[in-house]
Every structure is written in structure tokens, then in C-alpha cells.
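To convert, count from 1 in the sequence shown and add 1; that's this note's numbering. Every residue, glycine too, gets a C-beta built ideally from N, C-alpha and C. Computed from a predicted structure; not experimentally measured. These notes concern the structure reproduced below.
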Amino acid sequence: MSDESTESAVDTTEATDAVEAEDAAAEPEERPRWHERHAGGLGRVVVVSLVALVLLVAGGGVLWWVRAEYDHRQRDAAITLAARDAVLTLLTLNPEGVQGSLNQVLFASTGDWREQFAQNADQFVEAVRAGQVRTKATISASAIQSADDGRATVLVAANAVIANTDSPQGYPAVYRVLMILEHHNDRWLVSDLKFVA
Numbered sequence: 002m003s004d005e006s007t008e009s010a011v012d013t014t015e016a017t018d019a020v021e022a023e024d025a026a027a028e029p030e031e032r033p034r035w036h037e038r039h040a041g042g043l044g045r046v047v048v049v050s051l052v053a054l055v056l057l058v059a060g061g062g063v064l065w066w067v068r069a070e071y072d073h074r075q076r077d078a079a080i081t082l083a084a085r086d087a088v089l090t091l092l093t094l095n096p097e098g099v100q101g102s103l104n105q106v107l108f109a110s111t112g113d114w115r116e117q118f119a120q121n122a123d124q125f126v127e128a129v130r131a132g133q134v135r136t137k138a139t140i141s142a143s144a145i146q147s148a149d150d151g152r153a154t155v156l157v158a159a160n161a162v163i164a165n166t167d168s169p170q171g172y173p174a175v176y177r178v179l180m181i182l183e184h185h186n187d188r189w190l191v192s193d194l195k196f197v198a
């Protein structure tokens, strides 16, 4: 080979190497794009965020349900207590304390029941005093038939021993009282009361 062709081959090789070097410099190294580098981490963040959101919503729902159940139990306990107290007050009488019992019944009443009882109050007091009526009642059972935040229907069963001038030794009696209570100013008041068989 001649010197010329050798030089030409060397020049061609150098030129090729130089072009390849320029091409390599012009093209940056292939690095992963941002989304390829962070896709795994971003996916984990999204999944963790969704799980946290689901847990937060579920936890809030559970807390709301627990609070609602607590409120209903508290309401039902207040209804039951008011109904039982009203029946005990009405059925536990003596001539000396009849006016106080009457006042308690009126204080725990509302609506038509209160008006009806107030209209007959004097006759009630007179009958208890004249007959020397003494009653001692105990509650044997009570059940809420229906209730919401403003109204409740309750059945109360009571046992009593009744003594009077005709029967000084007393005799037993069983009562079943169906009551409707209404919620007024944070109190449950009797709005209707019936003795049932």
C-alpha cells in the first residue's frame, strides 16, 4: 500500500472516530426520564394516600355510629327513668303527702294529660284523704315501644299494695300503664297515660 492510501485510511479512521465522538457528545447519555425514575415512588405515595383516605372515612363513619348509638342509649335511659318515676309518683300515695305527689305528677306532665289531671286535682286529693288511701308501688318492668328525639311510647308494669279505710291491711294490685312522653326543654314529660289490661 502506498503512503497516500495509508494516510487516507488513517484520516478516514480519524474522521470516523471524530464524527462518532461528536455524535456521542451531541447525544447525551440515555438517562431514564423523570416519570420513569419516580414512577414507583409516586405510585406508592398515591396508594398510601388512598389507603389513608379510606381509613379516615371509615374511622369517621365508625365514630359517628358509636356517637349516635351512645346518644340513643342516653335518650332511652332518660325516657325510661321519666316513665318509671311518673308511675311511681302516681301510684305511691298517702294522705299526708298527697299534695306533694300531685305537684310532682303535674311537674312531670304536659299537654292534655296535665290539663285533665289538674282539673281533677282537688277531687283526687279529697278522695285520697277521705279514704285514708295508702299505696306503695314498685316497678316490675318497663319497655320502650317506640322513641325518637321528640316523642316516646312506654309501657310500665307496676305492683302495688293498697290500703284504705275499707281494707286497712292492704291488698295487692298489678298495673300496666301505657304512656306517651314528649321531650320539652331537656325533660321527658308525660303527655298521655292510660291504665291497660
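Original post:
Mind checking whether Asn104 and Gln133 have CB atoms under 9 Å apart?
Top reply: The residue you call residue 104 lines up with position 103 of the sequence shown. The residue you call residue 133 lines up with position 132 of the sequence shown. No, the pair does not count as a contact, with Cβ atoms beyond the cut-off.
Original post:
By the 10 Å Cβ neighbour count, where 16 or more other Cβ atoms means buried, how is His184 classified, buried or exposed?
Top reply: Working through the sequence shown from its first residue, we reach residue 184 at position 183. That one is buried.
Original post:
By a C-beta neighbour count over all protein chains shown, 10 Å radius and 16 as the cutoff for buried, is Leu190 buried or exposed?
Top reply: Numbered from 1 along the sequence shown, position 189 holds the residue referred to as residue 190. Classification for Leu190: buried.
Subject >> Boundaries of the beta strand (DSSP E) in which Val134 is found, first to last residue >> reply: Locating residue 134 in the sequence shown gives position 133, where the first residue counts as 1. No beta strand (DSSP E) holds Val134; DSSP gives it neither H nor E.
Original post:
Measuring CB to CB, does Ile1 end up less than 9 Å from Leu89?
Top reply: As shown, the chain starts at 2 and ends at 198. That puts residue 1 outside it, with no answer to give.
Subject >> For Asp167, the first and last residue of its enclosing alpha helix (DSSP H) >> reply: Translated into positions along the sequence shown, residue 167 becomes position 166. Where Asp167 is concerned, there is no enclosing alpha helix (DSSP H), given that its DSSP letter is neither H nor E.
Subject >> Terminal residues of the beta strand (DSSP E) in which Ser192 lies >> reply: Taking the first residue of the sequence shown as position 1, residue 192 is located at position 191. Per DSSP, Ser192 belongs to the beta strand (DSSP E) from Arg188 to Val197.
Original post:
Would Ala158 pass as a contact of Ala174 if the rule is Cβ separation under 9 Å?
Top reply: As a working note, residue 158 is residue 157 in the sequence shown. As a working note, residue 174 is residue 173 in the sequence shown. In this structure, Ala174 does not lie closer than 9 Å to Ala158 by Cβ.
Subject >> Range of the contiguous alpha helix (DSSP H) that encloses Asn121 >> reply: The residue you call residue 121 lines up with position 120 of the sequence shown. Careful: Asn121 lies outside any alpha helix (DSSP H) and carries neither H nor E.
Original post:
Residues bridged to Leu156 by DSSP?
Top reply: As a working mapping, residue 156 is identified with position 155 in the sequence shown. Under the DSSP definition of a beta bridge, Leu156 partners with Ala144 and Leu179.
Original post:
Under 9 Å between the Cβ atoms of Ala148 and Arg76?
Top reply: Counting from one through the sequence shown, the residue named residue 148 turns up at place 147. Counting from one through the sequence shown, the residue named residue 76 turns up at place 75. A contact, by the Cβ cut-off of 9 Å.
Original post:
Beta carbon of Ser171, beta carbon of Ile181: below 9 Å?
Top reply: Mapped onto the sequence shown, residue 171 falls at position 170. Mapped onto the sequence shown, residue 181 falls at position 180. Residue identity differs from the one stated: residue 171 is Gly in this sequence, not Ser. With contacts defined as CB atoms closer than 9 Å, Gly171 and Ile181 fail to qualify as a contacting pair.
Original post:
In chain order, what residues of the same chain have a beta carbon less than 6 Å from the beta carbon of Asp193, not counting five sequence neighbours either side?
Top reply: As a first step, residue 193 is located in the sequence shown; it is residue number 192 there, counting from the start. Trp114 and Ile181.
Original post:
Hey, how far is the Cα of Asp167 from the Cα of Asp86?
Top reply: If you number the sequence shown from 1, residue 167 lands on position 166. If you number the sequence shown from 1, residue 86 lands on position 85. Per the coordinates, the alpha-carbon of Asp167 lies some 28 Å from the alpha-carbon of Asp86.
Subject >> Sheet register partners of Val162 (DSSP bridge) >> reply: What you label residue 162 is simply residue 161 of the sequence shown in a count that begins at 1. Note: Val162 sits in a beta bridge opposite Lys137 and Pro173.
**OP:** Please list, in chain order, all residues of the same chain as Leu94 whose beta carbon is under 8 Å from its beta carbon, the five residues on each side excluded.
**Re:** Taking the sequence shown and counting its residues from 1, the one referred to as residue 94 is at position 93. Sequence-distant Cβ neighbours of Leu94 in its own chain, meaning closer than 8 Å and more than five residues away, are Ser102, Val129, Val134, Arg135 and Thr136.
Subject >> Per DSSP, cross-strand counterpart(s) of Ser110 >> reply: Indexing the sequence shown from 1 puts residue 110 at position 109. Partner(s): Val191.
Original post:
What does a CB cutoff of less than 7 Å around Ala79 pick up in its chain, not counting 5 residues either side in sequence?
Top reply: In the sequence shown, counting from the first residue as 1, residue 79 sits at position 78. Once the five neighbours on either side are set aside, the close Cβ partners of Ala79 are Trp189.
**OP:** Could you name the residues that DSSP lists as bridge partners for Leu94?
**Re:** Along the sequence shown, one-based indexing puts residue 94 at 93. In the DSSP output, where bridge partners are listed per residue, Leu94 has Thr136.
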